[in-house]
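Positions 2 to 207 (the numbering used here) are the ones given, in order, by the sequence shown. Worksheet: one structure, shown below.
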Amino acid sequence: MRQTAIKWIFDRVAALVGLAVLWPLLAAVAVAIRVRMPDGPVIFRQKRVGRHGRLFTMYKFRSMTVGHGGSSVSVAGEARITPLGATLRRYKLDELPELWNVLTGDMSLVGPRPDVPGYADALTGDDREVLMLRPGITGPASLKYRDEEELLARQPDPARYNDEVIFPDKVRINRYYLHNYSFTKDIQMILCTVLGRRMTYNNETI
């Protein structure tokens with residue numbers, strides 16, 4: 002219970018400080034999108050599944066063309082991802098607006114990535130317990146699959162590989178995170194995300 006309270010307080014303080022410190026970078030990215038991708042909005046909004054299956058609006062910098070109508074599974078090199086968008090995604094800059102979601106309590110800094118409807122909310126049995134977690138900007142599954150789009154690009158059927166291999170493995174990792182929560186590990190995951198490092202978690206490298 003004490004660790005949960007510490008996580009709740011840390012999330013909001015860190016998100017507020019992050020937004021205050023990073024606003025020049027946020028502004029620069031917004032201007033770049035407006036100049037290089039003038040055909041649509043700067044911010045991409047999408048309904049995602051949050052804690053207890055509640056839907057919330059997630060905010061990201063737009064990295065794709067408008068009205069692409071593509072799959073929810075993104076693959077590296079897709080035509081719908083713009084050149085600027087590919088750079089933003091490579092360095093995770095597109096996810097910076099999610100600090101607002103953390104500040105408002107819809108997300109956490111560390112947790113499972115928020116899925117579109119039809120994935121986490123469709124889980125059955127004990128796997129549904131991952132919905133007890135607030136979705137995160139980063140997390141153990143995100144670190145393990147930081148090159149997910151490149152991995153999917155090498156598969157003959159990316160959507161099937163995601164559904165049958167990657168998604169079940171993410172559920173496994175996130176269930177372990179739920180039952181073995183450590184604030185120290187949260188800090189380590191945040192640092193590994195920022196620095197592009199790997200770490201050992203549950204006897205595997207992520």
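A virtual CB, placed ideally from N, CA and C, is assigned to each residue, including glycine. Here the structure is a predicted model, which means the values were calculated and not measured.
Following the DSSP letters along the chain, one finds T58 inside the beta strand (DSSP E) bounded by residues L56 to F62. Every beta strand (DSSP E) of 3 residues or more that sits fully in the segment 103-174 is shown, in chain order, as 109-111 and 137-139.
Here P98 has L27, I44, Y60, K61 and F62 as same chain residues with Cβ atoms under 8 Å from its own Cβ, once five neighbours each way along the sequence are excluded. Assigned with DSSP and collapsed to three states, K93 falls in coil, not helix or strand. Using a 10 angstroms sphere on the CB of T58, the tally of other CB atoms stays under 16, which defines it as exposed.
A straight line joining the alpha-carbon of K186 with that of D40 spans about 41 Å. Counted as a single uninterrupted DSSP element, the stretch harbouring V74 is not any beta strand (DSSP E), since DSSP gives it neither H nor E. Between the alpha carbons of Y202 and I188 lies a gap of roughly 13 Å. Non-local C-beta neighbours of F184 in its own chain, meaning closer than 7 Å and more than five positions away in sequence, comprise Q4, I7 and K8, ordered along the chain.
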